[in-house]
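One structure is given here, and the rest of the page talks about it.
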Amino acid sequence: MRRLALVLALVAPSAALADLTVTFRDGAPKDRFAISYDGACTLERLDVQIDLGAAPAGLIFDTTSAGAGVEVFQPLEWVVGTASTSDVTDGDTLLSMSLDNVTPGAAWAFTVDIDDTTSTRQITVDRSEMAGALVRVEGQAAPFDANGRATVSLQNCLS
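Under our numbering, the first residue of the sequence shown is numbered -14, with each subsequent residue one higher.
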């Protein structure tokens, strides 16, 4: 019986794990988010959310000259790859995007302006202020750390 269980465990398909990592880098006048997929399988689509509202620093997207953001503003612009995104208006805290045709090693990046609403230097957001913001993917979530990095572990395919 033990041998049968061992044989079944060896031949049964197992779920392959993958990571989706999002990194934030502050910049002037544009902040940058980079996204990378470290998985063995090609996926038709991944739905991803970046939730700034979970960060204690009161982070918001600053995309227009009028609205909740201060001084400098920058609309969302894809600089590596493309994705379908929700409309991001000035003062929003949530960005939803769909990454299509996700292949092993795929990478995307976009620029946008992020402001904080809790300090005197609202136009400058450093990596540590991103801590606590969330990345959500396929029912999983991971917070950004003090280095501006969030990694969501996914169970994405059978191998």
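We put the beta carbon where it would ideally sit given N, CA and C, even for glycine.
**Request:** Compute the Euclidean distance between the alpha carbons of Gly133 and Lys15, then round it to the nearest angstrom.
**Result:** Counting from one through the sequence shown, the residue named residue 133 turns up at place 148. Counting from one through the sequence shown, the residue named residue 15 turns up at place 30. Those two C-alpha atoms are separated by around 15 Å.
**Message:** Alpha carbons only, please: which of Glu29, Asp23, Ser83 and Thr103 is nearest the one belonging to Ile35?
**Reply:** Mapped onto the sequence shown, residue 35 falls at position 50. Checking every option, the nearest Cα to that of Ile35 belongs to Ser83.
**Request:** Put Ser113 into one of helix, strand or coil per three-state DSSP.
**Result:** Residue numbering aside, residue 113 sits at position 128 when the sequence shown is read from its first letter. Ser113 falls in the helix class under three-state DSSP.
**Asked** If we ignore side chains and look at the alpha-carbon of each, how far apart do Gln140 and Ala3 end up?
**Response** Translated into the one-based positions of the sequence shown, residue 140 becomes position 155. Translated into the one-based positions of the sequence shown, residue 3 becomes position 18. Between Gln140 and Ala3, the C-alpha separation is close to 6 Å.
**Request:** Use the C-beta contact count for Ile74: other C-beta atoms within 10 angstroms, 16 or more gives buried, fewer gives exposed.
**Result:** Locating residue 74 in the sequence shown gives position 89, counting from the first residue. Reading off the sequence shown, one finds Thr at residue 74, where the question assumed Ile. Taking all protein chains shown into account, Thr74 has fewer than 16 neighbouring C-beta atoms within 10 Å of its C-beta and is therefore exposed.
**Message:** Could you give the first and the last residue of the continuous beta strand (DSSP E) run that contains Asp85?
**Reply:** As a working mapping, residue 85 is identified with position 100 in the sequence shown. Where Asp85 is concerned, the enclosing beta strand (DSSP E) stretches over Leu79 to Val87.
**Request:** Could you tell me how far apart the beta carbons of Gly117 and Ala40 are, in whole angstroms, since I believe they sit closer than 8 Å?
**Result:** Counted from its first residue, the sequence shown places residue 117 at position 132. Counted from its first residue, the sequence shown places residue 40 at position 55. Between Ala40 and Gly117 the Cβ distance is about 4 Å, and since that is below 8 Å, they are a contact.
**Request:** On a CA-only basis, which of Val120, Met115 and Val137 is nearest Ala131? Give me that one, please.
**Result:** As a first step, residue 131 must be located in the sequence shown, where it is residue number 146. Residue Met115 is the option with its Cα nearest to Ala131.
**Message:** Please return the same chain residues whose Cβ sits closer than 8 Å to the Cβ of Thr103, not counting the five positions on each side in sequence.
**Reply:** Position 118 of the sequence shown, counted from the first residue, corresponds to residue 103. So the list reads Pro41, Ala42 and Gly43, once near-sequence residues are dropped.
**Residue interval of the beta strand (DSSP E) (run including Phe195)** = Beyond the ends of the chain as shown, which are -14 and 144, falls residue 195; an answer cannot be given.
**Three-state secondary structure (DSSP) of Leu61** = Your numbering for residue 61 matches position 76 in the sequence shown. Of the three classes helix, strand and coil, the one that applies to Leu61 here is coil, per DSSP.
**Prompt:** Is the beta carbon of Val122 sitting closer than 8 Å to the one on Val33?
**Reply:** As a first step, residue 122 must be located in the sequence shown, where it is residue number 137. As a first step, residue 33 must be located in the sequence shown, where it is residue number 48. In this structure, Val33 lies closer than 8 Å to Val122 by Cβ.
**Item:** Same chain, Cβ closer than 6 Å to Pro60, five either side skipped, listed in chain order
**Value:** Counting from one through the sequence shown, the residue named residue 60 turns up at place 75. The residues are Thr48.
**Request:** May I ask you to list the residues that DSSP assigns as paired with Pro128?
**Result:** Start at 1 with the first residue of the sequence shown, and residue 128 comes out as number 143. Beta-bridge pairing links Pro128 to Leu119.
**Asked** Alpha carbon to alpha carbon, how far is Phe58 from Asp77?
**Response** For the purposes of this step, residue 58 is taken as residue 73 along the sequence shown, with counting starting at 1. For the purposes of this step, residue 77 is taken as residue 92 along the sequence shown, with counting starting at 1. Each residue's Cα considered, the two are about 13 Å apart.
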